[in-house]
Amino acid sequence: MDKLRALQYLLKVADTLSFSRAAKAFGVPASSISRRISDLEQSLGVELLHRTTRTVRLTEIGALYLEQVRPGMAQLDDAQELVGQRSSTPSGTLRISTMPGYGQLLLMPALHDFSDRYPDIVLDVHLSDALVDLGRDQVDIAIRGGRQPQDRVVARKLDPNRFVLAASPQYLADMGTPRTLDDLASHRALLYRGPNTVIKWQGRDADGWRELPVTPAFISNDGASLLAMACKHRGLVLLSEWALKGPLSRGELVQVTLDQPVSVGRGGEAGIYLLYLQTRYRIPKVRVAVEFLVERLGDGVRGDD
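Under the UniProt record's numbering, the first residue of the sequence shown is numbered 1, with each subsequent residue one higher.
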């Protein structure tokens with residue numbers, strides 16, 4: 001039995017929860033995937049997968065087994081890729097996951113120049129707010145906003161991600177300009193929907209941070225749509241400073257400054273972070289991409305491992 005191949009098949013089935021999708025990834029029949037995993041189960045003397053006619057999932061012992069196996073398999077994949085890139089020219093497919101708004105406004109223009117400099121690197125860019133597991137999801141680089149990650153990843157801060165309240169001049173002329181947190185209750189709010197829920201606005205007064213009871217006028221998981229609605233005088237919008245830079249500079253929107261802070265979080269250091277696994281940094285395509293993007297998009301300050 002080719003145990004290494006069986007483990008590769010098992011990992012893919014566990015991640016996709018599908019024999020057919022795993023088979024498509026490896027270019028082999030689903031029956032071959034099932035047979036190799038069955039041979040592995042027989043050699044171990046345990047059942048690793050629960051199989052039905054419609055679903056497949058790890059057993060409890062299967063999940064524990066993969067928890068131990070996965071790091072070693074990831075290191076083996078990294079070693080093979082590192083050895084395979086013996087030439088001085090970085091090459092291969094570079095998988096990047098980024099937040100949609102940041103990706104469209106800032107990352108993609110930078111990647112156009114990156115591709116000119118490194119034409120042998122194929123960029124595979126996924127726009128999503130969903131959290132990723134860099135090892136499990138086979139992502140080389142992720143760009144996410146929020147608190148500095150505490151996981152076993154390298155985090156390099158690209159932007160402080162300061163949130164700004166804004167509206168169109170016409171909206172403010174019609175509805176008045178809010179000056180306090182309580183004033184927001186009489187205004188229409190354009191809200192962002194995150195991966196799991198609508199992002200609530202938070203204000204800080206003498207008693208600390210509290211959720212603000214705003215009236216939604218429009219909700220979307222697309223920052224560009226929120227900006228468009230704000231420019232059409234539909235309400236107040238609370239977005240990252242980098243997202244508002246264009247409309248503010250053109251005068252389509254103006255910043256609204258309250259007497260107390262308003263944001264989408266409750267304090268603590270936030271930012272836009274470039275994330276990667278230290279083990280993959282040694283691979284030329286990952287190393288040159290990390291350094292290029294930090295130089296282009298950030299201040300080069302490195303976060304904690």
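For glycine and all other residues, C-beta sits at the position ideal for the given N, C-alpha and C.
Could you tell me which residues DSSP pairs with D15 in its beta bridges? Taking the sequence shown and counting its residues from 1, one reaches residue 15 at position 15. The partner list for D15 (beta bridge, DSSP) is empty, contrary to what the question assumes.
Between D174 and the rest of its own chain, which residues show a CB-CB distance below 8 Å, the 5 nearest in sequence each way excluded? Locating residue 174 in the sequence shown gives position 174, where the first residue counts as 1. So the list reads H233, once near-sequence residues are dropped.
Identify, in the order they occur along the chain, each residue of the same chain with its Cβ nearer than 7 Å to the Cβ of E211, setting aside the five sequence neighbours on each side. Taking the sequence shown and counting its residues from 1, one reaches residue 211 at position 211. So the qualifying residues of the chain are K200, Q202.
Contacts around V139, its chain only, beta-carbon distance under 6 Å, and the 5 residues preceding and following it disregarded: Here residue 139 corresponds to residue number 139 of the sequence shown, with the count starting at 1. Excluding sequence neighbours, V139 sits near R95, S97, V132.
So, at 6 Å on beta carbons, what are the nonlocal neighbours of Q255 in its own chain, with the 5 sequence-adjacent residues on each side left out? Reading the sequence shown from its first residue, position 255 is the one you call residue 255. Closer than 6 Å at Cβ, skipping near neighbours: V164, A166.
Residue range of the alpha helix (DSSP H) that includes H112: Against the sequence shown, residue 112 aligns to sequence position 112. Unbroken alpha helix (DSSP H) run through H112: 108 to 117.
Using the Cβ count rule (16 or more neighbours within 10 Å means buried), how would you classify N161? Reading the sequence shown from its first residue, position 161 is the one you call residue 161. That one is buried.
Which residues mark the beginning and the end of the beta strand (DSSP E) in which D39 is found? Translated into the one-based positions of the sequence shown, residue 39 becomes position 39. That residue, D39, is in no beta strand (DSSP E); its alpha helix (DSSP H) goes 30 to 44.
Contact defined as beta carbons within less than 8 Å: I believe A185 pairs with P213. What is the distance between those atoms, to the nearest angstrom? Position 185 of the sequence shown, counted from the start, is the residue given in the question as residue 185. Position 213 of the sequence shown, counted from the start, is the residue given in the question as residue 213. The Cβ separation is near 6 Å, so the contact holds.
Is DSSP giving A289 helix, strand or coil here? Working through the sequence shown from its first residue, we reach residue 289 at position 289. Residue state, collapsed to three classes: helix.
Quick one: using the 10 Å Cβ neighbour count with 16 as the cut-off for buried, is P247 buried or exposed? Your numbering for residue 247 matches position 247 in the sequence shown. Its Cβ being crowded by 16 or more others within 10 Å, P247 is buried.
Best match in T180, L111, L297, S225 for proximity to Q260 [C-alpha to C-alpha]: Position 260 of the sequence shown holds residue 260. For Q260, the nearest C-alpha among the options comes from T180.
Exposure of V290, with buried meaning 16 or more beta-carbon neighbours within 10 Å: Counted from its first residue, the sequence shown places residue 290 at position 290. Counting Cβ neighbours within 10 Å, V290 comes out buried, since at least 16 surround it.
So which of D222, G146, L123 has the shortest CA-CA distance to V288? Working through the sequence shown from its first residue, we reach residue 288 at position 288. Closest by alpha carbon: L123.
Kindly indicate which residue of G194, S18, L105, R266 has the alpha-carbon position closest to the one of T52. Working through the sequence shown from its first residue, we reach residue 52 at position 52. Nearest C-alpha to T52: S18.
Per DSSP, what kind of secondary structure is R156 in: helix, strand or coil? Within the sequence shown, numbered from 1, the residue matching residue 156 stands at position 156. Looking at R156 - three-state DSSP - the assignment turns out to be strand.
For W209, tell me which candidate among V262, S225, Q42 has the shortest Cα-Cα distance. Residue mapping note: residue 209 aligns to position 209 of the sequence shown, counting from 1. Measuring from the Cα of W209, the nearest candidate turns out to be V262.
Where E252 falls: helix, strand or coil (DSSP): As a position in the sequence shown, residue 252 is number 252, starting the count at 1. Coil.
With 16 other CB atoms within 10 Å as the buried threshold, where does A206 fall? Counting from 1 along the sequence shown, the entry for residue 206 is found at position 206. Exposed, by the Cβ-count rule.
Using 8 Å as the Cβ pair cut-off and three pairs as the minimum, do the segment 7 to 22 and the segment 58 to 75 touch? yes
With 16 other Cβ atoms within 10 Å as the buried cut-off, status of G178: The count along the sequence shown starts at 1 and reaches residue 178 at position 178. For the sequence presented, residue 178 should be read as Pro rather than Gly. Buried: at least 16 other Cβ atoms inside 10 Å.
Ends of the beta strand (DSSP E) at D124? Taking the sequence shown and counting its residues from 1, the one referred to as residue 124 is at position 124. Taken as a continuous stretch (DSSP letters only), the beta strand (DSSP E) holding D124 covers 121 to 127.
Would you check if the distance between the CB atom of L44 and the CB atom of R57 is smaller than 8 Å? As a first step, residue 44 is located in the sequence shown; it is residue number 44 there, counting from the start. As a first step, residue 57 is located in the sequence shown; it is residue number 57 there, counting from the start. No, the pair does not count as a contact, with Cβ atoms beyond the cut-off.
Would you tell me roughly how many angstroms separate the C-alpha atoms of G300 and L107, rounded to the nearest one? Numbered from 1 along the sequence shown, position 300 holds the residue referred to as residue 300. Numbered from 1 along the sequence shown, position 107 holds the residue referred to as residue 107. The pLDDT assigned to G300 is 43, lower than 50, so where the model puts this residue is not dependable; a value taken from the coordinates is nonetheless given after this. Taking the straight line joining both Cα atoms gives about 16 Å.
Could you check where the beta strand (DSSP E) with G145 kicks off and where it finishes? Within the sequence shown, the letter at position 145 stands for residue 145. From DSSP, the beta strand (DSSP E) with G145 extends over 141 to 147.
Considering only residues of the same chain and omitting the five flanking positions on each side of A14, which have a CB-CB separation below 7 Å? Position 14 of the sequence shown, counting from 1, holds the residue named residue 14. Around A14: L58, L66.
Going by DSSP, name the residue or residues bridged to S263. As a first step, residue 263 is located in the sequence shown; it is residue number 263 there, counting from the start. Beta-bridge pairing links S263 to Q202.
To the nearest angstrom, how far is it from the Cα of L76 to the Cα of V46? What you label residue 76 is simply residue 76 of the sequence shown in a count that begins at 1. What you label residue 46 is simply residue 46 of the sequence shown in a count that begins at 1. Using only the alpha carbons, I get a separation of about 25 Å.
I283 (DSSP reduced to helix, strand or coil): Taking the first residue of the sequence shown as position 1, residue 283 is located at position 283. Looking at I283 - three-state DSSP - the assignment turns out to be coil, as it is neither helix nor strand.
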